[in-house]
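There are 2 protein chains.
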Amino acid sequence: MTGRFYQTAYLNFIILYLLALHLTFPIFAHMEKFELNILGCGSALPTMRHNATSQVLNIREKLFMIDCGEGTQVQLRRSRLKFSRLNHIFISHLHGDHCFGLIGMISTFGMIERTADLHIYAHADLQKLMRPQLDFFCKGLPFDVVFHDINPVERTVVYDDRSVSVETIPLKHRLPTCGFLFREKPVPNHIIRDMIDFYKVPLFMINRIKNGEDFVCDDGTVIPNSKLTIPSDPPRSYAYCSDTLYNPEISEQIKGVDLLFHEATFLETEKARAKVTMHSTARQAAEIAKMSDVKKLMIGHFSARYDDDLCLLAEAKEIFPDTILANENLSINV
Amino acid sequence: MTGRFYQTAYLNFIILYLLALHLTFPIFAHMEKFELNILGCGSALPTMRHNATSQVLNIREKLFMIDCGEGTQVQLRRSRLKFSRLNHIFISHLHGDHCFGLIGMISTFGMIERTADLHIYAHADLQKLMRPQLDFFCKGLPFDVVFHDINPVERTVVYDDRSVSVETIPLKHRLPTCGFLFREKPVPNHIIRDMIDFYKVPLFMINRIKNGEDFVCDDGTVIPNSKLTIPSDPPRSYAYCSDTLYNPEISEQIKGVDLLFHEATFLETEKARAKVTMHSTARQAAEIAKMSDVKKLMIGHFSARYDDDLCLLAEAKEIFPDTILANENLSINV
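Protein chains in written order, with my numbering: chain A, 3 to 336; chain B, 3 to 336.
Structure below.
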């Protein structure tokens with residue numbers, strides 16, 4: 003019995019210690035997820051190497067899907083991301099390789115008894131096209147599919163909550179198309195537990211101190227906020243740009259983002275074809291990254307003609323060295 | 003130069019010898035393909051093991067697709083079957099896991115410059131649902147999508163050419179559903195070359211003899227057809243039955259087919275669920291096979307709840323030993 007008591011006490015001590023650590027050291031702030039998961043990064047023709055376009059951005063365990071090509075639901079299953087945490091889907095434009103997976107995924111959500119509303123942000127035409135499909139194939143769905151019509155040619159905030167905002171990035175493609183800019187909201191500073199204890203800061207002051215207030219002791223001494231807190235990490239940002247003609251106009255909007263995904267359908271040798279089909283080359287993607295001073299570039303939306311994407315990577319790296327290739331099942335912390 | 007001459011002569015000799023063999027021995031008749039390719043054999047919820055339903059029957063290099071769930075186009079690519087040889091698609095019923103792959107596949111066919119019409123045999127509702135999608139996503143398609151409305155509750159021949167006929171098999175499911183019965187047309191007998199030479203049968207008589215005529219020599223002697231030919235293989239048949247409640251009524255129609263595909267969504271332990279959802283158990287599939295005296299049974303349309311389909315196989319084999327499991331990328335000669 004006594005042994006059991008000590009065991010429990012020991013466990014409690016460890017939990018409290020970890021909690022204290024979590025509150026004190028900023029290293030634990032990195033636990034707040036801002037993670038990009040690639041479900042598909044091919045272009046119009048799906049191949050055995052690349053699925054049609056879809057990505058999931060995991061921001062503090064809320065999942066935001068961007069585009070939803072055919073086969074996305076299986077890729078989502080493969081990613082082991084929790085279906086139930088996905089409530090918002092952003093569709094860049096109405097080409098099949100960016101939205102044909104929606105109906106199947108929604109149908110599956112219905113079968114697995116999802117109840118939370120699913121919000122889809124897309125050009126108004128998607129709603130018109132999908133309503134008859136949903137009415138026929140997904141009769142009696144236990145949740146609502148809520149369409150939010152967006153105007154892709156206008157730069158607007160289409161989503162906003164306490165941790166993130168999403169803004170459209172107008173692009174130039176064969177039909178109305180936009181990218182999406184995800185900006186994390188600032189996180190309060192981290193308090194230094196030892197200092198809080200030392201100055202006997204009462205509990206009700208903690209949040210105010212986290213948000214930047216100084217502390218005034220009983221004897222009137224002012225303890226500056228900088229002595230009580232460690233600044234939180236700067237908010238992170240992710241810009242998704244697919245599909246688009248080389249378009250330097252977006253540079254100002256995506257300036258300095260932590261990660262830029264930019265389509266790189268072709269090599270420079272296919273520059274003429276890129277222009278006709280209103281796509282970009284790997285070099286052009288890198289040039290956008292460079293002029294926008296982004297921290298990292300990921301290229302994707304690879305044409306089926308390339309058996310190996312390394313040639314696209316090499317071309318981009320010549321202009322912007324911190325470039326990586328998108329790939330199915332790749333998960334990257336922004 | 004002389005060496006080259008002998009080489010060519012030798013090659014010609016081999017080619018002629020093989021040609022003669024081909025005309026003489028019935029073993030070569032087996033070269034006429036009647037091959038079933040499984041592209042997907044899962045049920046409503048796609049998993050990482052099983053794709054949504056689709057099959058391709060290759061009859062003498064003409065491809066007939068049956069059902070077309072999400073992801074079928076990638077599976078078709080994986081199968082290495084030639085896209086251009088697929089002109090006819092049969093849809094058993096309008097549940098998403100049997101038709102969501104159509105729009106993506108048709109869209110891809112458009113991009114790879116297909117020009118031959120594509121014929122789709124399905125309930126009339128499919129056309130209504132797909133037309134707006136085709137008009138929007140597949141504008142300027144270089145071929146026509148021709149819908150043939152079928153009435154699944156009626157047993158009718160929906161396709162017929164000189165090598166095969168396709169008949170609907172009315173099934174019992176939650177909405178109008180049918181299976182498809184593919185029957186090969188008889189092939190002419192194989193002539194015995196040596197006998198043809200021996201009796202000096204003129205060229206113009208060959209086809210008539212293949213089709214069963216006797217030969218009358220110049221001196222009036224009648225050479226019976228059986229001396230000049232070897233009977234061709236009996237025509238083959240394939241019955242596809244998915245999705246359906248246990249339905250012994252189909253037995254008479256599919257009697258003696260060479261291969262029966264029957265859905266086996268559940269085990270007997272889930273018999274009540276099978277009834278409610280209007281599906282079959284593995285045992286029920288086997289019972290249909292047994293009472294229909296088919297040569298071989300393939301089960302598929304497995305529920306996502308089973309991590310291993312061997313339990314379904316074992317259950318079916320108890321009743322009908324010549325049972326095999328469907329599986330993605332399985333190709334079987336009927």
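We put the CB at the ideal spot given by N, CA and C, even for glycine.
For D99 of chain B, the closest C-alpha among the options A:G103, A:D99, A:H97, A:Q129 is that of A:G103.
Using a Cβ distance threshold of 8 Å, S167 of chain A and V159 of chain A count as a contacting pair. Using a CB distance below 7 Å, the part of the segment 67-88 of chain B facing chain A consists of E72, G73, Q75, V76, R79, R80, ordered along the chain. Contact check for I301 of chain B against L327 of chain B passes: the beta carbons are separated by less than 8 Å. Counting only the Cα atoms, R62 of chain B lies some 29 Å from D199 of chain B. If you compare the alpha carbons of B:T55, B:N249, B:A306 with that of P172 of chain B, the shortest gap goes to B:N249. Shown here, K319 of chain A sits in a helix according to DSSP, grouped into three states.
Any Cβ of chain B closer than 8 Å to the Cβ of F102 of chain A would place that residue at the interface, and such an atom is present. Using beta-carbon distances, A274 of chain A does not count as an interface residue toward chain B, since no partner is under 8 Å. Counting only residues of its own chain and dropping the five nearest sequence neighbours on each side, R87 of chain B has a CB closer than 7 Å to the CB of E63, K64, L65.
Within chain A, the residues L96, D127, L131 have their CB atoms less than 8 Å from the CB of F138 of chain B, given in chain order. Closest in C-alpha terms to T246 of chain B, from the list B:S45, B:I40, B:K35, comes B:S45. If you look at D199 of chain A, you'll find it isn't in any beta strand (DSSP E); it sits in the alpha helix (DSSP H) that goes 195-200. In this structure, F217 of chain B lies near L230 of chain B, with their beta-carbon atoms less than 8 Å apart. For the options A:L143, A:K319, A:D127, A:D324, the alpha carbon positioned closest to that of V296 of chain A is the one of A:D324.
Using a 10 angstroms sphere on the CB of M50 of chain A, the tally of other CB atoms stays under 16, which defines it as exposed. D295 of chain B carries a coil assignment under DSSP once its states are collapsed to helix, strand and coil. For K174 of chain B, the closest alpha carbon among the candidates B:I252, B:S333, B:A266 is that of B:I252.
Taking the C-beta atoms as reference points, F111 of chain A is found no nearer than 8 Å to F138 of chain A. Around A46 of chain B, the beta-carbon contacts reaching into chain A at under 9 Å are S109, T110, M113. Taking the beta carbon of M50 of chain B as reference, the chain A residues within 7 Å of it are V76, R79, R80, listed in sequence order. T117 of chain B places its beta carbon less than 8 Å from that of P144 of chain B.
The three-state secondary structure of H90 of chain B, taken from DSSP, is strand. As the crow flies, the alpha-carbon of C70 of chain B is around 45 Å from that of P237 of chain A. G106 of chain B reaches chain A at E72, G98, F102, counting residues in chain order whose Cβ is nearer than 7 Å. Contact check for C43 of chain A against N329 of chain A passes: the beta carbons are separated by less than 8 Å. In the structure shown, C313 of chain A adopts helical secondary structure according to DSSP, grouped into three states.
Distance from Q135 of chain A to I91 of chain A at the Cβ level is roughly 15 Å; contact not present, criterion being Cβ atoms closer than 8 Å. In this structure, E34 of chain A and N60 of chain A do not form a Cβ contact; the two beta carbons are roughly 10 Å apart against a cut-off of 8 Å. Inter-residue distance for T271 of chain A and H97 of chain A is about 25 Å (C-alpha atoms, whole angstroms). Listed by position along chain B, the residues whose Cβ is nearer than 7 Å to that of Q135 of chain A are L131.
The beta-carbon separation of I93 of chain B and A124 of chain B, rounded to 4 Å, stays under the 8 Å limit for a contact. Looking at the backbone, the Cα of L269 of chain B and that of N191 of chain B are separated by about 45 Å. Between I211 of chain B and N227 of chain B a beta carbon distance of about 6 Å is seen, short of the 8 Å cut, so the two are scored as contacting.
D163 of chain A sits away from D119 of chain A, with the two beta carbons spaced by 8 Å or more.
Here L177 of chain B is exposed. Its C-beta has fewer than 16 other C-beta atoms within 10 Å.
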